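Enquirer:
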Amino acid sequence: GQQLNQSPQSMFIQEGEDVSMNCTSSSIFNTWLWYKQDPGEGPVLLIALYKAGELTSNGRLTAQFGITRKDSFLNISASIPSDVGIYFCAGLPGANSKLTFGKGITLSVRP
Amino acid sequence: DAGITQSPRHKVTETGTPVTLRCHQTENHRYMYWYRQDPGHGLRLIHYSYGVKDTDKGEVSDGYSVSRSKTEDFLLTLESATSSQTSVYFCAISDLLETQYFGPGTRLLVL
């Protein structure tokens, strides 16, 4: 089945730095979603992308739906300590299909 | 935040006992899902529902059953709990097949 690849598993950055994450697949997806999960909580939707090439922002977060429809990118600018958590990408291949999730990237922010 | 609650939030049980987890929503969303989250595996779909009394299996459905007698409630039952079912269980809801919103999770420990 479809797989979404997120790497590396962990990222460590300094407060104030920008960070980029990507999510790739060998299959085409029609919808890309980015979630963040805080420790002990459920994933929270950050950004949803529905069209190839789409660039969407949510505060300091910006995500893009790749032109090939096989990847998506999330950028966090001017990181702060509360950005710590696990960032998941998820994709929907098409109508009447189910979401596929990446395994997530754990982000640590050093003050 | 989407109105999703899960109960119990934590449970410890013994191998061989039946366990039922409850997901309750106040959003009147059509679709409901049960996932388990384990280190190294990310989120894996157990079962989902596309309407009252309409359910289907996900990728890791063995040992689990579900029921949905009302739009707002989706129950996950472990018929005879095993240690391999120790996990964090998340319920999610969606109005369309795209964007899913997650509950806070249930931590289950099977001894």
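Going down the list, the sequences are from chains P and Z.
Okay, so the first sequence: first residue is 11 according to my numbering, each after it adds one.
Okay, so the second sequence: first residue is 1021 according to my numbering, each after it adds one.
All C-beta atoms, glycine included, are put in the ideal place defined by N, C-alpha and C.
The structure displayed is predicted, hence computed values, not measured ones.
Between P/K108 and chain Z, is there a C-beta pair that is closer than 9 Å?
Expert: In the first sequence, the residue the question calls residue 108 of chain P occupies position 98. Taking Cβ atoms only, chain Z reaches closer than 9 Å to P/K108, which makes this a yes.
Enquirer: Going by beta carbon distance, what residues of the same chain come within less than 6 Å of Z/Y1053, once the five residues before and after it are set aside?
Expert: Here residue 1053 of chain Z corresponds to residue number 33 of the second sequence, with the count starting at 1. The residues are Y1068 and A1112.
Enquirer: Give the DSSP-derived three-state secondary structure of Z/D1082 in the structure shown.
Expert: Sequence index remark: in the second sequence, residue 1082 of chain Z carries index 62 (1-based). In the structure shown, Z/D1082 sits in coil (DSSP, three-state: anything other than H, G, I, E or B).
Enquirer: Closer than 8 Å, Cβ to any Cβ of chain Z: which residues of the region 51-69 of chain P, in chain order?
Expert: For the region 51-69 of chain P, which is checked against every Cβ of chain Z, the residues closer than 8 Å are E51, G52, P53, V54, L55, A58 and Y60.
Enquirer: Whose C-beta lies closer than 7 Å to the C-beta of P/K113 among residues of the same chain, with five residues either side of it excluded?
Expert: In the first sequence, counting from the first residue as 1, residue 113 of chain P sits at position 103. The residues are Q16.
Enquirer: Given that a residue counts as buried once 16 or more other Cβ atoms are within 10 Å of its Cβ, and exposed if not, what is P/P53?
Expert: Locating residue 53 of chain P in the first sequence gives position 43, counting from the first residue. The residue is buried, with at least 16 neighbouring Cβ atoms inside 10 Å.
Enquirer: Have a look at P/G101, P/D48 and P/L43 and flag the residue whose alpha-carbon is nearest the alpha-carbon of P/V94.
Expert: Locating residue 94 of chain P in the first sequence gives position 84, counting from the first residue. Comparing Cα positions, the closest option is P/D48.
Enquirer: Consider the Cβ of P/A100: report whether some Cβ of chain Z lies at a distance smaller than 9 Å.
Expert: The residue given as residue 100 of chain P occupies position 90 in the first sequence. By this cut-off, P/A100 is an interface position.
Enquirer: If Z/T1025 and Z/H1044 are in contact, beta carbons under 8 Å, what's the gap, nearest whole angstrom?
Expert: In the second sequence, counting from the first residue as 1, residue 1025 of chain Z sits at position 5. In the second sequence, counting from the first residue as 1, residue 1044 of chain Z sits at position 24. The Cβ separation is near 5 Å, so the contact holds.
Enquirer: Should Z/H1049 be labelled buried (16 or more other beta-carbon atoms within 10 Å of its own) or exposed?
Expert: Numbered from 1 along the second sequence, position 29 holds the residue referred to as residue 1049 of chain Z. Per the 10 Å Cβ criterion, buried.
Enquirer: Under the DSSP definition of a beta bridge, which residues are partnered with Z/R1042?
Expert: Locating residue 1042 of chain Z in the second sequence gives position 22, counting from the first residue. Z/R1042 pairs with Z/S1027 and Z/L1095.
Enquirer: At 7 Å on the CB atoms, spell out the chain P contacts of Z/Q1120, in chain order.
Expert: The residue given as residue 1120 of chain Z occupies position 100 in the second sequence. Within chain P, the residues near Z/Q1120 are L109.
Enquirer: I need the straight-line Cα distance from Z/D1058 to Z/Y1121, nearest angstrom please.
Expert: Start at 1 with the first residue of the second sequence, and residue 1058 of chain Z comes out as number 38. Start at 1 with the first residue of the second sequence, and residue 1121 of chain Z comes out as number 101. Their backbone Cα atoms lie some 19 Å apart in a straight line.
Enquirer: Between which two residues does the beta strand (DSSP E) containing Z/H1067 stretch?
Expert: Sequence index remark: in the second sequence, residue 1067 of chain Z carries index 47 (1-based). Unbroken beta strand (DSSP E) run through Z/H1067: G1062 to G1071.
Enquirer: For Z/G1078, tell me which candidate among Z/R1056, Z/V1039, Z/T1119 and Z/R1127 has the shortest Cα-Cα distance.
Expert: Here residue 1078 of chain Z corresponds to residue number 58 of the second sequence, with the count starting at 1. That would be Z/R1056, whose Cα lies nearest to the Cα of Z/G1078.
Enquirer: In chain P, which residues lie less than 8 Å from Z/G1125 when you measure between Cβ atoms?
Expert: What you label residue 1125 of chain Z is simply residue 105 of the second sequence in a count that begins at 1. In chain order: G50, E51 and G52.
Enquirer: Using the three-state DSSP reduction, which class does P/S92 fall into: helix, strand or coil?
Expert: On the first sequence, position 82 is the one that residue 92 of chain P refers to. Three-state DSSP puts P/S92 in a helix.
Enquirer: Pull up the distance between the alpha-carbon of P/L109 and that of P/G63, whole angstroms please.
Expert: Position 99 of the first sequence, counting from 1, holds the residue named residue 109 of chain P. Position 53 of the first sequence, counting from 1, holds the residue named residue 63 of chain P. In a straight line, the C-alpha of P/L109 is about 20 Å away from that of P/G63.
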